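Please read the structure below before turning to the comments.
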Amino acid sequence: VTFSSFFLPSLFFGASCNLSPFTLILSFPPTNKNVIINHLYLPPVSYSQWEEISVMDERNTPMRTYQVCNVMEANQNNWLRTRHISREEAQRVHIEIKFTLRDCNSLPGVPGTCKETFNMYYYESNNANLWFIKESQYIKIDTIAADESFTQVDVGDRVMKLNTEVRTINNLSKKGFYLAFQDLGACIALVSVRVFYKKCPLTVLNLAQFPDTITGGETALVEVHGVCVNASEEFEPPKMYCSADGGWLVPIGRCVCKPGFEENKDMCQPCRPGTYKASATDAYCTKCPPHSSSPQEQATECICEKGFYRAENDPRSTACTRPPSAPENPISTVNETCVTLEWAPPRDTGGRGDIIYNLNCTKCSGDGKKCTKCGSNVHFVPRNFGLSSTTVLVTDLEPDSNYSFTVESENGVSALSPTPKGKVVINVTTSQTVSVVLKERRSKDSVTLAWQGPERPNGVIVEYEVIYYEKNQREQNYTVLKTRSNMMTVEGLKPGTTYVFRVRARTDGGYGSYGGEIELETSHEGDPNQSTILAVSIAGGIVLLIFLVTCFVVIKLPGSRTYIHPHTYEDPNQAVRDFAKEIDASNIRIERVIGAGEFGEVCSGRLRMQGKREIYVAIKSLKAGYSDKQRRDFLSEASIMGQFDHANIIRLEGVVTRCKPVMIITEFMENGSLDTFLKKHDGQFTVIQLVGMLRGIASGMKYLSDMSYVHRDLAARNILVNSNLVCKVSDFGLSRVLEDDPEAAYTTRGGKIPIRWTAPEAIAYRKFTSASDVWSYGIVMWEVISYGERPYWEMSNQDVIKAIDEGYRLPAPMDCPVVLHQLMLDCWEKGRSDRPKFAQIVTILDKLIRNPLTLRMKTDPSTPEFSVSTVDEWLDAIKMGHYKENFSSAGYVSLDSILYISVSELAKMGVSLAGHQKKILSSVQSLQTQGTHVQV
Numbered sequence: 001v002t003f004s005s006f007f008l009p010s011l012f013f014g015a016s017c018n019l020s021p022f023t024l025i026l027s028f029p030p031t032n033k034n035v036i037i038n039h040l041y042l043p044p045v046s047y048s049q050w051e052e053i054s055v056m057d058e059r060n061t062p063m064r065t066y067q068v069c070n071v072m073e074a075n076q077n078n079w080l081r082t083r084h085i086s087r088e089e090a091q092r093v094h095i096e097i098k099f100t101l102r103d104c105n106s107l108p109g110v111p112g113t114c115k116e117t118f119n120m121y122y123y124e125s126n127n128a129n130l131w132f133i134k135e136s137q138y139i140k141i142d143t144i145a146a147d148e149s150f151t152q153v154d155v156g157d158r159v160m161k162l163n164t165e166v167r168t169i170n171n172l173s174k175k176g177f178y179l180a181f182q183d184l185g186a187c188i189a190l191v192s193v194r195v196f197y198k199k200c201p202l203t204v205l206n207l208a209q210f211p212d213t214i215t216g217g218e219t220a221l222v223e224v225h226g227v228c229v230n231a232s233e234e235f236e237p238p239k240m241y242c243s244a245d246g247g248w249l250v251p252i253g254r255c256v257c258k259p260g261f262e263e264n265k266d267m268c269q270p271c272r273p274g275t276y277k278a279s280a281t282d283a284y285c286t287k288c289p290p291h292s293s294s295p296q297e298q299a300t301e302c303i304c305e306k307g308f309y310r311a312e313n314d315p316r317s318t319a320c321t322r323p324p325s326a327p328e329n330p331i332s333t334v335n336e337t338c339v340t341l342e343w344a345p346p347r348d349t350g351g352r353g354d355i356i357y358n359l360n361c362t363k364c365s366g367d368g369k370k371c372t373k374c375g376s377n378v379h380f381v382p383r384n385f386g387l388s389s390t391t392v393l394v395t396d397l398e399p400d401s402n403y404s405f406t407v408e409s410e411n412g413v414s415a416l417s418p419t420p421k422g423k424v425v426i427n428v429t430t431s432q433t434v435s436v437v438l439k440e441r442r443s444k445d446s447v448t449l450a451w452q453g454p455e456r457p458n459g460v461i462v463e464y465e466v467i468y469y470e471k472n473q474r475e476q477n478y479t480v481l482k483t484r485s486n487m488m489t490v491e492g493l494k495p496g497t498t499y500v501f502r503v504r505a506r507t508d509g510g511y512g513s514y515g516g517e518i519e520l521e522t523s524h525e526g527d528p529n530q531s532t533i534l535a536v537s538i539a540g541g542i543v544l545l546i547f548l549v550t551c552f553v554v555i556k557l558p559g560s561r562t563y564i565h566p567h568t569y570e571d572p573n574q575a576v577r578d579f580a581k582e583i584d585a586s587n588i589r590i591e592r593v594i595g596a597g598e599f600g601e602v603c604s605g606r607l608r609m610q611g612k613r614e615i616y617v618a619i620k621s622l623k624a625g626y627s628d629k630q631r632r633d634f635l636s637e638a639s640i641m642g643q644f645d646h647a648n649i650i651r652l653e654g655v656v657t658r659c660k661p662v663m664i665i666t667e668f669m670e671n672g673s674l675d676t677f678l679k680k681h682d683g684q685f686t687v688i689q690l691v692g693m694l695r696g697i698a699s700g701m702k703y704l705s706d707m708s709y710v711h712r713d714l715a716a717r718n719i720l721v722n723s724n725l726v727c728k729v730s731d732f733g734l735s736r737v738l739e740d741d742p743e744a745a746y747t748t749r750g751g752k753i754p755i756r757w758t759a760p761e762a763i764a765y766r767k768f769t770s771a772s773d774v775w776s777y778g779i780v781m782w783e784v785i786s787y788g789e790r791p792y793w794e795m796s797n798q799d800v801i802k803a804i805d806e807g808y809r810l811p812a813p814m815d816c817p818v819v820l821h822q823l824m825l826d827c828w829e830k831g832r833s834d835r836p837k838f839a840q841i842v843t844i845l846d847k848l849i850r851n852p853l854t855l856r857m858k859t860d861p862s863t864p865e866f867s868v869s870t871v872d873e874w875l876d877a878i879k880m881g882h883y884k885e886n887f888s889s890a891g892y893v894s895l896d897s898i899l900y901i902s903v904s905e906l907a908k909m910g911v912s913l914a915g916h917q918k919k920i921l922s923s924v925q926s927l928q929t930q931g932t933h934v935q936v
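Position 84 of the sequence shown, counted from 1, bears residue number 84 in the UniProt record's numbering, the numbering being contiguous throughout.
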């Protein structure tokens with residue numbers, strides 16, 4: 001056999017790495033590097049009939065090959081072996097062989113022992129200088145067969161039929177190995193042998209560099225920890241797994257650029273002048289906020305301009321601010337020894353909203369030359385330091401005295417500024433008391449008073465005020481009279497009764513202090529008139545009795561909150577701004593998809609806000625390509641939720657509207673929707689636990705009802721459950737996808753209605769009220785006690801509407817306490833006014849929780865039953881036998897005929913008592929579900 005026409009490159013050994021499809025998905029740069037195990041061209045250590053033949057290819061390049069073709073002789077066993085091949089830390093090695101093989105049928109006269117295969121073996125060893133290895137010590141890799149064999153004609157036509165086969169050796173552990181090829185009587189030529197292993201190439205992902213990594217065993221993944229690249233640090237330890245085929249899998253963790261650096265093409269570069277990055281968790285450098293700058297690269301914060309400051313607790317992202325100007329338009333109103341001080345906020349707030357006011361008080365002499373700080377006897381309402389309002393009441397001042405009040409305005413950076421604080425001074429003079437002379441004209445029903453005004457009134461006297469009341473009855477009944485004169489006759493008094501009189505003056509600056517109390521008893525019936533003048537001077541140093549009147553501040557209590565419909569806003573975006581907090585998208589980390597909503601995906605993730613701990617949240621996103629209406633409808637749910645604050649209402653954390661995708665962020669409820677949760681844990685809760693869930697739902701609905709909000713779609717699927725089994729009402733969207741099942745909703749002109757959960761009046765007339773929500777709550781009760789069973793089972797919507805209209809109500813679920821089923825029936829009263837309010841439902845459930853013994857009476861199929869076969873037997877069994885004639889006259893003579901009897905039919909038959917109607921219908925429901933056995 002002539003081999004001279006073959007292309008026979010020499011035997012060599014090498015290694016190469018491949019790229020997995022998974023790696024391509026992650027957009028790693030494609031790589032096809034060869035990793036050579038041994039560059040040497042190694043002749044065999046031993047061979048029998050194998051021959052090394054050097055030939056020239058078509059380009060006259062010398063090449064070598066090993067050939068054997070002893071096909072004419074039987075019992076061939078020709079071996080060819082390599083020298084020791086170092087595995088270089090590889091546990092899995094691949095061998096690629098290229099060879100040609102002669103078709104036995106093309107060789108004339110060849111005996112039947114001719115082969116068209118050969119065997120490949122290996123032997124592991126730490127010894128690199130073995131000259132002899134026993135045949136039995138080799139481990140067989142495989143028997144190699146040719147896909148393409150050649151004939152003599154092929155050789156003449158110079159048709160190259162080269163075969164390529166690849167085999168793998170796994171779990172290598174020693175320093176190296178020997179390869180061997182066994183010929184048992186074939187005509188073959190080994191063209192090349194390439195030994196290689198695979199590795200995962202050096203790569204950079206998430207700012208972490210992963211080195212060249214040799215693959216593991218056949219299926220093992222090699223865990224590799226990455227090293228953060230320049231100017232970055234670990235956020236979560238970065239690691240990936242190197243797969244057996246040389247591809248990187250499962251990236252976990254990441255590095256983030258240090259403060260002052262931002263990410264750019266798998267590297268961290270310094271922030272440019274005029275920008276900064278304060279935290280490693282921030283994604284990019286940000287432009288300096290107003291009144292600040294960063295002249296150098298790599299800034300972690302921006303320096304405030306001269307005259308502007310940043311408080312210690314201010315985030316570095318806030319603008320630099322300055323102290324406020326002085327308060328404006330000070331006003332004082334004197335009322336006896338009290339004064340009300342008011343002022344307007346500063347014209348320049350300094351760019352901050354944390355302005356407070358401090359009030360300093362001094363008392364001055366008449367000439368104003370000597371002033372001292374006010375003592376502890378002067379009181380300020382609410383206080384004199386740290387005021388957020390622009391009004392303060394000062395009490396317990398001394399009469400006829402001069403006071404000076406200094407009002408200072410300051411904000412969070414005032415302490416950082418060397419300039420004095422902005423302030424305004426208010427000077428006040430308190431009023432004097434009135435000297436009173438009482439003229440006693442002891443008539444039976446009147447007295448005459450005369451007085452002298454203050455010596456130095458605080459302004460022009462406008463009028464005098466006289467107050468009087470029967471002694472010891474001031475709080476019950478008193479009278480106020482006003483006059484411009486300094487004399488008054490008080491008439492209409494009771495004979496023989498003692499009265500108390502007091503007088504004060506009012507000037508432009510306010511009311512002065514009351515004078516002392518004067519007691520006077522009117523004459524008895526029949527007493528002679530007496531004219532006695534009793535002079536009492538309450539002035540200067542002669543003061544008989546002075547009482548200061550306590551000043552009261554009337555505080556208006558805020559009214560209860562009322563729900564505001566977002567569609568009442570001309571601009572729906574304003575409703576979102578009013579009720580929902582805008583969240584920076586960089587504070588949100590999406591971790592996994594947990595479902596799909598009407599508008600897009602629903603994911604879980606984490607929310608980290610400045611100064612707060614990281615929390616788990618649910619994230620609803622608006623899918624791409626949305627219309628303006630879809631965006632409004634999507635955000636309207638946030639406008640609704642943002643108005644609610646209750647432990648049993650899903651809490652809105654905020655919205656993302658300034659970038660895409662638009663998102664609604666709510667608290668994360670670990671156990672998902674109530675119906676799915678109950679089905680998953682069927683029968684695993686106590687009755688008290690179920691009642692506790694129902695109580696939470698009722699409490700949330702009471703809160704919504706008090707705010708005049710009607711839910712319209714209360715169902716177990718719209719109740720979410722957290723890890724503590726707290727149930728919270730959710731799904732406040734105005735446009736809902738009720739269920740995938742077309743039977744789940746009954747369409748009217750107004751839209752879709754969830755028939756199985758909706759009150760009759762809402763279905764018929766679209767009258768949705770809190771009473772219709774109570775009906776839905778009764779269905780939710782039934783869902784909870786039955787562990788998520790479908791209401792009305794497989795009945796069609798039309799059948800449900802008809803049955804409810806005829807008086808049918810859902811029977812008690814298995815093991816349902818009687819009191820709970822009765823509460824359900826109360827919720828399903830046809831008349832809206834007959835249904836309980838949510839406040840009543842909460843009270844009822846609270847009583848049941850406090851007295852769990854009331855929950856032991858259950859509607860249990862295992863309780864004694866009477867077997868009945870006629871209507872009469874049935875009526876006797878439920879103790880309604882006195883209605884036998886009524887049923888018979890109406891044509892109800894068989895049990896089947898009463899299965900769908902209605903309230904209206906019972907009324908026509910003469911069963912008018914509501915209690916008897918309920919008992920009969922409840923028993924009919926038992927007949928429907930249990931057959932002809934009536935539970936007693």
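Ideal Cβ placement from N, Cα and C applies to all residues, glycine included. Values in this document were obtained by computation on a predicted structure and should not be read as measured data.
Residue i versus residue j: straight-line alpha-carbon distance, rounded
i, j, result
"residue 549", "residue 579", "With a pLDDT of 31 at residue 549, under the threshold of 50, the predicted position of this residue should be treated as unreliable, though the coordinate-derived value follows. Near 45 Å, if we compare the C-alpha coordinates of residue 579 and residue 549."
"residue 610", "residue 729", "28 Å"
"residue 414", "residue 394", "26 Å"
"residue 783", "residue 685", "14 Å"
"residue 232", "residue 268", "7 Å"
"residue 77", "residue 94", "25 Å"
"residue 821", "residue 811", "8 Å"
"residue 719", "residue 727", "6 Å"
Residue i burial status per 10 Å Cβ neighbour count (16 or more: buried)
i, result
"residue 566", "buried"
"residue 99", "buried"
"residue 264", "exposed"
"residue 142", "exposed"
"residue 206", "buried"
"residue 139", "exposed"
"residue 425", "exposed"
DSSP three-state assignment for residue i, whether helix, strand or coil
i, result
"residue 745", "Confidence at residue 745 is low in this model, with a pLDDT of 45, below 50, so the placement of that residue is unreliable and no value is reported for it."
"residue 576", "helix"
"residue 793", "coil"
"residue 649", "strand"
"residue 67", "strand"
"residue 447", "strand"
"residue 176", "strand"
"residue 56", "strand"
"residue 142", "strand"
"residue 520", "strand"
Sub-7 Å separation of residue i and residue j beta-carbons
i, j, result
"residue 761", "residue 752", "no"
"residue 340", "residue 399", "no"
"residue 673", "residue 717", "yes"
"residue 781", "residue 824", "yes"
"residue 149", "residue 107", "no"
beta-carbon residue i near the ligand ATP non-hydrogen atom, thresh 6 Å
i, result
"residue 124", "Judged by which ligands are present, the structure shown has none, so any question about the ligand ATP falls away."
Subject >> Length-filtered (4 minimum) alpha helix (DSSP H) runs lying within the segment 749-811 >> reply: The segment 749-811 contains these whole alpha helix (DSSP H) runs: 760-765, 770-785 and 797-805.
Subject >> Contained alpha helix (DSSP H) runs [length at least 4] in the segment 866-901, N- to C-terminal order >> reply: Taking only runs of at least 4 residues, the alpha helix (DSSP H) segments lying wholly in the segment 866-901 are 871-877 and 884-889.
Subject >> 3 or more residues per run - each beta strand (DSSP E) lying fully within the segment 245-326 >> reply: Listed in chain order, the complete beta strand (DSSP E) runs (minimum 3 residues) inside the segment 245-326 are 248-257, 261-263 and 268-270.
Subject >> In chain order, each alpha helix (DSSP H) run of at least 4 residues that lies wholly inside the segment 586-670 >> reply: 628-641, all fully within the segment 586-670.
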